[in-house]
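Novice:
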Amino acid sequence: MDPISILTTVISTTSFLLTWIDQHQSKEAVFRDLHTTLDNVHSGILSPLLPIGASGRSQLEPNIVGCLRTVQEVLLRTRDHLVVWEDGRKFKSGKRLLAFLNPAVVLDELRDDKTRLVSSVQILTASIQVSSFIRQPSALSLPVQSSRSHVSSSNNLEIASNRDVKEFWAAEIGTETSYCSAEFLHAALSHYFEKTLTPEAKEILSLRLDEYGVGCTTLASLDRFVGRQPLLDALTTLGVIQVIESSRFTVESSDPTSIKPILIMVDDKPENHRYTIRLVRSYNVDVYVFTSTASAKTWIDANEAMLRIADKFGRLRCRSDNARWEQDASALTPSSYQSPRISLNIYAGETILRYLRGRQYSAPVLIVAGKSIMKTSYVLDYARAGSTRYPDVFMDFIHPLIANRSGDEEWWLDFNVQPRARTKPMLVNESPRSTIESSDPTSIKPILIMVDDEIKKHRSRIALVRSYNVDVFDFTSTASAKTWIDANEAMLRIADKFGRLRCRSDNVRWEQDASALTPSSYQSPRNSLNIYAGETILHYLRGRQYSAPVLIAAGKSIMKTSYVLDYARAGSTRYPDVFMDFIHPLIADRSGDEEWWLDFNVKPRARTKPMLLWVRDPGSNSLPISGQSLHTVVVASFEEAQEEMKMNSHMYRRLGKANMLRVLCCETQRILLPATRNSSTGRALLQYIRSDGYDCPFLVFCRSDELPRTKYVMKFRNTGSTVHPSVVDAFIKSLSERKHDDYALWAVQGASPVP
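All letters in the sequence shown, in the order written, are residues 1 to 755 by this note's numbering.
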């Protein structure tokens with residue numbers, strides 16, 4: 001990177017940090033001190049250098065460039081600590097505050113950052129003044145204090161605190177130099193310790209000491225890495241000089257399956273992966289999700305012992321998106337600093353990958369990208385890394401964690417990996433949940449899979465189905481549905497075997513599903529119409545030998561669904577009533593049905609007989625209603641009536657709207673729910689029906705002594721009571737003849753026969 005680009009990056013990063021602190025308006029003293037220091041650096045030292053370097057009349061001296069690189073590294077580390085501090089504040093009170101995100105701890109880090117920044121800026125100021133004194137151009141006059149004008153360039157070493165590091169740097173690099181290339185440092189270390197560094201050791205050292213990809217190693221970064229220990233000990237611990245197993249990361253057991261698997265996910269929109277996260281956690285995998293690179297790096301450092309053990313036994317994997325919306329200034333233009341909340345870090349994926357390899361983690365890393373997939377070729381430069389844009393590849397990537405295997409084929413170790421032709425089924429015959437003791441279909445919880453890009457429009461219907469103890473799994477895209485089906489194969493195979501599985505999909509779908517789209521559509525994945533969505537999911541299920549019934553719901557595209565005739569147990573419709581009949585066997589605990597809907601463009605069935613719901617007196621059966629042309633459902637209590645209407649609500653509602661439903665209830669207090677202890681069966685059922693939205697005719701039949709108690713019928717429409725069987729007979733006859741003008745005959749309290 002040329003000197004002007006380095007200077008521009010440092011100025012931009014400083015501007016970003018100033019804007020960030022201004023926007024958050026924290027009352028902490030460390031923020032005020034840091035803001036003052038940054039403001040002085042930006043306006044008094046950095047900004048005057050920009051026109052000088054860009055003018056072409058004078059070039060920045062190498063010692064100034066080296067100081068700028070040191071300042072840049074300190075600023076980038078400060079940026080990371082600010083992001084972590086904000087993430088720590090996001091934890092609401094009452095929840096457990098994770099130690100590695102404790103704002104108080106991060107404040108201490110920021111105080112150290114401020115101290116390092118002051119030291120590096122002092123050296124930068126001294127270098128500028130020495131350069132100005134030697135060349136004496138008026139253009140380099142800067143508003144700096146005269147007391148610093150005689151500071152020697154040897155003060156470059158003052159930024160380091162470790163004595164070993166200072167001695168090494170002075171002997172091998174030079175006191176007037178504050179940075180060097182990675183290759184020069186490797187040669188210097190080999191000469192200083194009289195040992196040869198292997199190519200692997202050189203790569204590890206480069207990644208560790210140039211964490212932010214500045215392009216060189218600074219004295220500050222080496223000093224920070226070594227800390228308070230001797231330089232040789234730090235290199236030995238890292239494995240650069242000699243590989244020694246650390247006692248901190250040993251375990252008693254050598255069985256990989258005894259180590260709980262860990263998946264690290266770094267994504268700025270984790271809510272898009274809530275199904276995947278929930279699925280992976282259900283298999284006893286610890287999933288740690290982070291929205292920023294800085295928080296992920298901080299957590300990794302804080303949990304090194306645990307992660308080293310998991311990494312050693314192949315129980316650690318990492319998934320990161322390639323580009324991330326986060327507070328990351330390193331990849332931004334100066335104009336974007338006014339809105340740091342919407343800054344795109346286009347190097348997010350490589351940053352976390354570089355960080356892990358620099359700390360010698362060998363865990364597999366998968367970079368997931370969308371439109372930026374062609375920018376992920378950097379994975380080829382790292383061991384055990386790959387990139388993809390397909391969810392299917394990610395599911396295969398994490399499969400060894402779920403399946404308790406320490407290794408896999410690692411076919412995904414490549415750039416822009418495509419899904420394999422046939423995704424290997426997940427957990428077939430591996431999970432103890434894949435076997436059941438009972439062969440009773442009703443012991444298996446029914447499952448309904450719904451795939452629809454407008455799933456919110458079906459909220460009430462989904463809630464209804466779930467109220468009958470049916471598991472409804474809804475998805476908005478073909479890809480997410482397929483991924484979930486593969487991941488839950490054991491459970492679905494059991495449900496399918498006992499006829500407790502059904503699937504409903506819309507025919508066309510607006511979705512981000514690349515498998516059915518043209519390459520030109522990738523520029524606007526939110527507006528891509530998958531016209532083959534219905535057949536895709538149907539073909540997918542049949543190709544995996546699921547025999548579950550599939551119903552394709554369509555609107556204007558209904559005539560494009562004739563493909564259902566090519567598949568077993570599939571149909572298509574545009575009517576919601578057909579869908580309710582389709583799922584009725586799941587609700588009614590029946591493993592089979594008439595399957596009349598197995599056809600193309602199915603219409604609702606015509607109900608030839610009206611329905612009468614008769615709640616009879618269990619102590620008397622003296623009211624004859626047989627012989628009428630009716631479909632009669634007879635129950636003996638309020639509880640049975642309520643259950644009947646719940647179980648077949650779609651049918652009752654459809655008949656009610658068509659004026660083909662009536663309710664006849666015998667007044668009794670013999671069988672009551674606790675909630676209706678002070679009421680009768682007739683009153684309780686009437687209140688339930690009306691509160692549930694039914695407006696069908698309702699007649700209460702009672703004895704003479706019970707008639708005064710039925711005055712409640714006058715509070716409701718289309719409701720009456722009577723003691724005369726002839727009124728009941730007329731009430732039922734009007735239903736069988738589909739007459740709707742007889743309300744005046746019975747919709748009163750104590751209705752009498754018409755002469």
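Where is the CB? At the ideal position from N, CA and C, for every residue including glycine.
Per DSSP, Met-450 forms a beta bridge with which residues?
Specialist: Asp-474 and Arg-504
Novice: Quick test of the definition: if touching needs 3 or more C-beta pairs under 8 angstroms, does the segment 573-585 touch the segment 632-646?
Specialist: no
Novice: Return the Cβ separation of Phe-394 and Leu-353 in integer angstroms, given the expectation that the two are a contact with Cβ distance under 8 angstroms.
Specialist: Going by Cβ atoms, the distance from Phe-394 to Leu-353 rounds to 16 angstroms, so no, they are not a contact pair.
Novice: Which one of Val-727, Gly-750 and Arg-228 has the shortest CA to CA distance from Asp-742?
Specialist: Val-727
Novice: Under 9 angstroms between the Cβ atoms of Val-465 and Cys-503?
Specialist: no
Novice: I want to know whether the segment 492-501 touches the segment 280-300 - three or more CB-CB distances under 8 angstroms.
Specialist: no
Novice: To which residues of the same chain is Arg-208 closer than 6 angstroms at the C-beta, ignoring the five residues directly before and after it?
Specialist: Gly-358
Novice: Classify Asn-284: buried if its beta carbon has 16 or more other beta carbons within 10 angstroms, exposed otherwise.
Specialist: Burial call: exposed.
Novice: Which same chain residues end up closer than 6 angstroms to Ile-531 when comparing Cβ atoms and leaving out the 5 residues on each side of it in sequence?
Specialist: Val-508
Novice: On the three-state DSSP scale, how would you describe Val-285?
Specialist: coil
Novice: Among the residues of its own chain, which have a CB less than 6 angstroms from the CB of Met-660, if the five just before and after it don't count?
Specialist: Pro-610
Novice: Would Lys-114 be called buried (16 or more neighbouring beta carbons within 10 Å of its own) or exposed?
Specialist: Classification of Lys-114: buried, given that the 10 Å Cβ count is 16 or more.
Novice: With Met-491 as the anchor, note down where its beta strand (DSSP E) starts and where it stops.
Specialist: Per DSSP, Met-491 belongs to no beta strand (DSSP E); it is in the alpha helix (DSSP H), 489-497.
Novice: Quick one: Cα of Phe-225 to Cα of Ala-481, how far?
Specialist: 46 angstroms
Novice: Phe-701 lies in the alpha helix (DSSP H); which residues open and close that run?
Specialist: Segment 698-701 is the beta strand (DSSP E) holding Phe-701; no alpha helix (DSSP H) there.
Novice: So what does Tyr-179 bridge to, in DSSP terms?
Specialist: Thr-218
Novice: Would you call the segment 216-230 and the segment 159-176 touching, i.e. three or more CB-CB distances under 8 angstroms?
Specialist: These segments touch.
Novice: Leaving out the 5 sequence neighbours to the left and right, which residues in its chain are closer than 6 angstroms to Tyr-694 when beta-carbon positions are compared?
Specialist: Gly-656
Novice: Counting C-beta neighbours from all protein chains within 10 Å, is the total for Pro-753 16 or more, i.e. buried, or is it exposed?
Specialist: exposed
Novice: How far does the beta strand (DSSP E) with Trp-746 in it extend, from its first residue to its last?
Specialist: No beta strand (DSSP E) contains Trp-746, which is instead part of the alpha helix (DSSP H) from 743-746.
Novice: Under 9 angstroms, do Leu-46 and Leu-18 count as touching if we go by C-beta distance?
Specialist: No, the Cβ-Cβ distance between Leu-46 and Leu-18 is not below 9 angstroms.
Novice: Determine the DSSP secondary structure at Gly-386, reduced to helix, strand or coil.
Specialist: strand
Novice: Going by the CB atoms, is the gap between Met-374 and Asn-345 shorter than 9 angstroms?
Specialist: no
Novice: Can you find the residues in the same chain that come closer than 8 angstroms, C-beta to C-beta, to Glu-737, ignoring five residues on each side of it along the sequence?
Specialist: Hits under 8 angstroms: none found.
Novice: Within the chosen definition, does the segment 22-31 reach the segment 171-184 through at least 3 CB pairs nearer than 8 angstroms?
Specialist: no
Novice: Are the segment 635-650 and the segment 678-689 touching by the rule of at least three beta carbon pairs closer than 8 angstroms?
Specialist: yes
Novice: Going by CA-CA distance only, name the one from Tyr-361, Asn-322 and Ala-369 that's closest to Ala-348.
Specialist: For the options Tyr-361, Asn-322 and Ala-369, the alpha carbon positioned closest to that of Ala-348 is the one of Asn-322.
Novice: Between which two residues does the alpha helix (DSSP H) carrying Ala-310 extend?
Specialist: 304-312
Novice: Taking only three categories from DSSP, how would you classify Asn-40?
Specialist: helix
Novice: When you compare only the Cα positions, how much space is there between Thr-719 and Leu-745?
Specialist: 11 angstroms
Novice: Under 9 angstroms between the Cβ atoms of Pro-697 and Arg-662?
Specialist: Cβ distance < 9 angstroms, so Pro-697 and Arg-662 count as in contact.
Novice: To the nearest angstrom, how far is the alpha carbon of Thr-218 from that of Asp-108?
Specialist: 23 angstroms
Novice: Over what stretch of residues does the alpha helix (DSSP H) that includes Leu-735 continue unbroken?
Specialist: The continuous alpha helix (DSSP H) containing Leu-735 extends over residues 725-736.
Novice: Since Ser-387 and Val-379 should fall inside the 8 angstroms C-beta cutoff, what is the C-beta to C-beta distance between them, to a whole number of angstroms?
Specialist: 5 angstroms
Novice: Note down the Cα distance separating Arg-96 from Arg-281, rounded to an integer number of angstroms.
Specialist: Residue confidence is low: Arg-96 scores 36 on pLDDT, short of 50, so the model does not pin down where it sits. Its coordinate-derived value is still stated next. Their Cα atoms are separated by approximately 20 angstroms.
Novice: Among the candidates Ile-398, Thr-13 and Ala-641, whose CA atom is the shortest distance from the CA of His-42?
Specialist: Thr-13
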